[in-house]
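>
Numbering (my numbering), first residue to last: 1006 to 1073.
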């Protein structure tokens, strides 16, 4: 997913304070805490296949992270 997940407010009851939800940050925290980089084999072919543009984008990220 090349675009960041936008931060948004979570609607609750009218009397509740506004809650701001940053799913991108949560995703990164879970990935880091659960050490998915040690579980996921980034050498495997992605199924379903990505578009050519997304394949290049993903390969660049994986190369920068030393995962390929």
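Idealized CB from N, CA, C, for every residue including glycine.
Note that the coordinates shown come from a computational prediction; the quantities given were computed from them, not determined experimentally.
State the start and end residues of the unbroken alpha helix (DSSP H) segment that holds residue 1066.
Element bounds for residue 1066: 1057-1069.
> Less than 8 Å between the CB atoms is what I'm expecting for residue 1063 and residue 1055, so what's the real figure, rounded?
6 Å between Cβ atoms; contact.
> Using alpha carbons as the reference points, say which of 1026, 1009, 1070, 1010 lies closest to residue 1016.
The option with the nearest alpha carbon to residue 1016 is 1026.
> Near residue 1024, what residues of its chain come up, given a Cβ to Cβ distance below 7 Å and the 5 sequence neighbours on each side ignored?
The answer, listed in chain order, is 1014, 1015, 1017.
> Looking only at DSSP bridge pairs, what is residue 1015 linked to?
DSSP, once it has assigned bridges, lists 1024 as partnering residue 1015.
> Out of curiosity, what's the CA-to-CA distance linking residue 970 and residue 1012?
Here the chain covers residues 1006 to 1073 and nothing more, so residue 970 does not appear.
> Hey, out of 1059, 1047, 1057, whose CA is closest to residue 1067's CA?
Comparing Cα-Cα distances from residue 1067 to each of 1059, 1047, 1057, the minimum goes to 1047.
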